[in-house]
Amino acid sequence: MDFVSIRIITGDVARLVDFYERATGVRADWSTGDFAELRTAGATLAIGSTRTVALFAPGSARPADNNTVIIEFLVADVDGVHRNLADSVADFVTEPTTMPWGNRSLLLRDPDGNLVNFFTPVTPAAVEKSRRMPAADQVASGAVENRHRAAMA
589 MDFVSIRIIT GDVARLVDFY ERATGVRADW STGDFAELRT AGATLAIGST RTVALFAPGS
649 ARPADNNTVI IEFLVADVDG VHRNLADSVA DFVTEPTTMP WGNRSLLLRD PDGNLVNFFT
709 PVTPAAVEKS RRMPAADQVA SGAVENRHRA AMA
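Listed below in structure tokens is the structure:
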């Protein structure tokens, strides 16, 4: 079995797609005006309108009603993501912070209120652990290069 995607149900697909395209740098593939996907090497973030819920089971999902899931993205430069989103995010839950497990994390809420964590491994143990994630070699090596450049500045 492979975990391939997570889907967010929203009342405004275009607004949420715009946010995630800006946050990730990944362009969405639109199937219809009610459904788009942002595909990365490791997984896909699907964004569907409330109209798609009835195709599964009416009332089975409600937009902007998540209080338990955190959507996470491994990035090469979490501080750069923070700078990129500073003028468009209304709710930064936690500014970039180095966590006890070795990741530098930025926790925010997307336009629908979903928690999103962007993180960069910064300790040797965290970098090594991230190398076991799909497509993490490219991201982790970018993070190492970014940290090296910052240390040299």
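For the sequence shown, position 118 (counting from the first letter as 1) is numbered 706 according to this note's numbering, and the numbering increases by one without interruption.
Don't be surprised by glycine CBs; every beta carbon is placed ideally from N, CA and C.
Check: DSSP bridge partner residues for PHE707 (one or two, in chain order); Outcome: LEU662, SER693
Check: Reference SER718; option with closest CA among ASP679, PHE661, PHE591; Outcome: PHE661
Check: Bounding residues of the beta strand (DSSP E) (the contiguous stretch that carries PRO699); Outcome: Here PRO699 belongs to no beta strand (DSSP E), and DSSP marks it neither H nor E.
Check: Distance between beta carbons of THR598 and PRO646, contact taken as under 8 Å; Outcome: About 17 Å; that fails the 8 Å criterion.
Check: Supposed close pair ASN691, PHE707 - CB separation, criterion 8 Å; Outcome: 4 Å
Check: In DSSP terms, what PHE680 is bridged to; Outcome: LEU696
Check: SER593 in three-state terms, based on DSSP; Outcome: strand
Check: Separation of ILE596 from ALA624, as counted between CA atoms; Outcome: 10 Å
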